[in-house]
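Structure first, commentary second.
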Amino acid sequence: MSFGSRASVAMQAYGPLCVGIDPHPHLLEQWGLEDSVEGLDRFAATCVEAFAGKVAFVKPQSAFFERFGARGVAILERTLQDLRHTGSLTILDAKRGDIGSTAQAYADAYLDDDAPMAADAITISPYLGFRSLTPFFAAAEHNDAGVFVLAFTSNPEAVHLQSATASSGISIGDEILTELGRANEGASPMGPFGAVIGATVAHLDTQRLDINGPILVPGFGAQGGTIDDLRRLFGAVSGSIIPSTSRDVLAKGPDVTTLRAAAAAVNDSLSLL
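Sequence positions in the sequence shown follow this note's numbering and run 176 to 448.
What follows is the structure, given as structure tokens:
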């Protein structure tokens, strides 16, 4: 099954929610864990126990593992492997992007089904040129994996870049959505190539949201994004969005039952879309 098909099945089974695994120092402390490799290991294992087979998507944030060096990356590798074949799909939040053989190496590292760090999907950056993403797209197709391309993020530093007018006469963010729509053309029930659009984007002036692919929506919950924001921003394509939250759910830890209940409550709230 393609990633688009697998994502559709997971959303139907569990709801659209994506729960982030963000082992931020303050969350480790809140859980009574040391800000150490041992604390990271326990945090990640608890998240796997709580969310595997309970939510459609789980999104480890690579940076919070990488900061511990090789031992932290080993824990990320095991976390991705432990989540495989549980019914939950993994989205590795790494925002990789490069050109040529380096882009291919990143694609091989994260999207090759036989790679130690293989994820179901990865976040990638198009700002070295959309065509620089070709190795990621090819690897995703070959391995029935997915990619989520940064389009309209909600951090204020990105607004001028993403809303700047390209030579085509439309914004850079719109160009990215247009390219994704072309890449997903003809796929059913949806294509494997998704966009990242923040839940707290102030104004999303675009008619190009129907990319025939999933839209990952970070910033829902503790970062300020609300159900009303999701309705305002996504309207007719709300069935394709994957709202992502981390702190709203993780703050309820470390008890596994409480974490699951928190995720279920957020998923229930999304039924109002």
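Each residue gets a CB set at the ideal place from its N, CA and C atoms; glycine is no exception.
Mind checking who T265 pairs with in its DSSP beta bridge? For the purposes of this step, residue 265 is taken as the residue at position 90 of the sequence shown. Answer is V233, bridged to T265.
Helix, strand or coil at V376 [DSSP, three-state]: For this step, residue 376 is matched to residue 201 along the sequence shown. Coil.
At least three beta-carbon pairs within less than 8 Å, the segment 370-382 to the segment 390-406: yes
Give the DSSP bridge partners of R271, in chain order. As a working note, residue 271 is residue 96 in the sequence shown. According to DSSP, R271 bridges with I299.
Relative to the C-alpha of D403, which candidate in P418, L255, I390, P389 has its C-alpha closest? The residue labelled residue 403 in the question sits at position 228 within the sequence shown. Selected option, being the one with the closest Cα: P418.
Within 10 angstroms of its Cβ, does F241 collect 16 or more other Cβ (buried), or is it exposed? In the sequence shown, residue 241 corresponds to position 66, counting from 1. Going by the sequence as given, residue 241 is Glu instead of Phe. Counting Cβ neighbours within 10 Å, E241 comes out exposed, since fewer than 16 surround it.
In the DSSP assignment, find the unbroken beta strand (DSSP E) run with S307 in it and report its ends. The residue given as residue 307 occupies position 132 in the sequence shown. Counting along the chain, S307 falls outside any beta strand (DSSP E), and DSSP gives it neither H nor E.
Taking D273 and S307 to be in contact with their CB atoms under 8 Å, please state how far apart those CB atoms are, rounded to whole angstroms. In the sequence shown, residue 273 corresponds to position 98, counting from 1. In the sequence shown, residue 307 corresponds to position 132, counting from 1. The Cβ separation is near 7 Å, so the contact holds.
Between the C-alpha atoms of S415 and E252, what's the straight-line distance to the nearest angstrom? To locate residue 415, count along the sequence shown from 1; it is residue 240. To locate residue 252, count along the sequence shown from 1; it is residue 77. One Cα belongs to S415, the other to E252, and the distance between them is close to 28 Å.
What are the uninterrupted segments assigned as alpha helix (DSSP H) that are 4 or more residues long and contained completely in the segment 370-447, given in chain order? 402-409, 422-425, 431-445
Nearest by alpha-carbon distance to G410: which of L448, S211, V334, G275 is it? Along the sequence shown, one-based indexing puts residue 410 at 235. Comparing Cα-Cα distances from G410 to each of L448, S211, V334, G275, the minimum goes to L448.
Simplified DSSP state of S183, which is helix, strand or coil: Translated into positions along the sequence shown, residue 183 becomes position 8. It is helical.
Starting from F218, trace the alpha helix (DSSP H) in both directions and tell me its first and last residue. Within the sequence shown, the letter at position 43 stands for residue 218. It spans 212-226 - the alpha helix (DSSP H) in which F218 sits, taken as one unbroken run.
Excluding sequence positions up to five away, which residues of its chain have a Cβ less than 7 Å from the Cβ of T261? Residue 261 sits at position 86 when you count from the first residue of the sequence shown. Residues of the same chain with a CB within less than 7 Å of the CB of T261, apart from the 5 flanking positions on each side, are A227, G228 in chain order.
Does the distance from the C-beta atom of L286 to that of A314 stay below 8 Å? As a position in the sequence shown, residue 286 is number 111, starting the count at 1. As a position in the sequence shown, residue 314 is number 139, starting the count at 1. A contact, by the Cβ cut-off of 8 Å.
Rank T265, G361, T328, A362 by C-alpha distance to the C-alpha of I351 and give the top, closest one. The sequence position of residue 351 within the sequence shown is 176, counting from 1. Looking at the Cα atoms, T328 is the closest of the given residues.
Touching or not, the segment 200-207 and the segment 326-341, by the rule of three or more beta carbon pairs under 8 Å? no
Grouping DSSP H, G and I as helix and E and B as strand, with all else coil, what is S363? Position 188 of the sequence shown, counted from the start, is the residue given in the question as residue 363. Here S363 sits in coil by DSSP.
Distance, R407 Cα to G348 Cα: Here the question's residue 348 lines up with position 173 in the sequence shown. Here the question's residue 407 lines up with position 232 in the sequence shown. Each residue's alpha carbon lies about 18 Å from the other.
I need the DSSP call for I345, collapsed to helix, strand or coil. In the sequence shown, the residue the question calls residue 345 occupies position 170. In the structure shown, I345 sits in coil (DSSP, three-state: anything other than H, G, I, E or B).
In the DSSP assignment, find the beta strand (DSSP E) that holds L325 and state where it starts and stops. For the purposes of this step, residue 325 is taken as the residue at position 150 of the sequence shown. Note, L325: beta strand (DSSP E), 321-327.
Considering only residues of the same chain and omitting the five flanking positions on each side of L208, which have a CB-CB separation below 7 Å? As a position in the sequence shown, residue 208 is number 33, starting the count at 1. For L208, where only same-chain residues beyond five positions count, the Cβ hits under 7 Å are G214, R217, F218.
Give the straight-line distance between the Cα atoms of N442 and Q187, rounded to the nearest whole angstrom. Position 267 of the sequence shown, counting from 1, holds the residue named residue 442. Position 12 of the sequence shown, counting from 1, holds the residue named residue 187. Whole-angstrom Cα-Cα distance: 12 Å.
Taking its Cβ as the centre, do 16 or more other Cβ atoms sit within 10 Å of E332, making it buried, or is it exposed? Here residue 332 is taken as the residue at index 157 of the sequence shown, counted from 1. It is exposed - the Cβ of E332 has fewer than 16 other Cβ atoms within 10 Å.
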